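Working notes, beginning with the structure itself.
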Amino acid sequence: MRNDQTKKTIEPFNLFGERSWILSKKDAANILTDNSYYIFVAAFITLGVFLFLTFKPVDIGYTKTYLLIFSIFYFVLGVAIRRLQSRIASILALLSFGLVVLSKILEQNLDFFTFISFIFLAASYRSVKASFFYHKTSS
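According to this note's numbering, the stretch in the sequence shown is residues 1 to 139, in order.
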């Protein structure tokens, strides 16, 4: 039987407590790599909605241009977080997903996409912590 200490939780949900500690530069790099996948998923979801609207025009409240620009934006952020361990890209992802969650809460439009955006917000928060730790340490 596995010990509670050996159980691994999903990375973006390690926000608080003992499991949220980043102890080495290698841990920070691994966290950045893991959380960049969530940014890539956001890019592919946005691109998928863009492609869906291209073939079947439906009014969902967003223009196709907006969706294409944000899918490219999220893809670039994911690459910058993964390859460069960029603090700026992590902060931009945090602000982007934070604004999405905040606007959904203020509109009182809490749905499945708000939950997904909250997961992306948690991943970008962990990325910010890890990127600052990565660049703070020397080795």
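C-beta atoms are modelled at their ideal positions from N, C-alpha and C, and glycine is treated no differently. Quick caveat, the model's predicted, so the values are computed rather than measured.
Residue i (DSSP reduced to helix, strand or coil)
| i | result |
| --- | --- |
| Y62 | coil |
| K136 | helix |
| M1 | Confidence is the limiting factor: at M1 the pLDDT is only 42, short of 50, which leaves the residue's position unreliable and the question unanswerable from this model. |
| I72 | helix |
| D34 | helix |
| L99 | helix |
| L23 | coil |
| L106 | helix |
| K56 | coil |
| S86 | coil |
Buried or exposed by the 16-neighbour rule on C-beta atoms within 10 Å, applied to residue i
| i | result |
| --- | --- |
| K56 | exposed |
| V58 | exposed |
| N109 | exposed |
| K129 | buried |
| S20 | exposed |
| L84 | exposed |
| I22 | buried |
| I69 | exposed |
| F133 | buried |
| I72 | exposed |
| T54 | exposed |
| I31 | buried |
CA nearest to the CA of residue i, picked from the options
| i | options | result |
| --- | --- | --- |
| F44 | L23, G78, G61 | G78 |
| F50 | D34, L67, Y37, A42 | L67 |
| A80 | K136, F112, Y62, A29 | A29 |
| L121 | Y74, F133, K136 | Y74 |
| I88 | S124, L106, S117, D111 | S124 |
| L94 | A42, D27, S24 | A42 |
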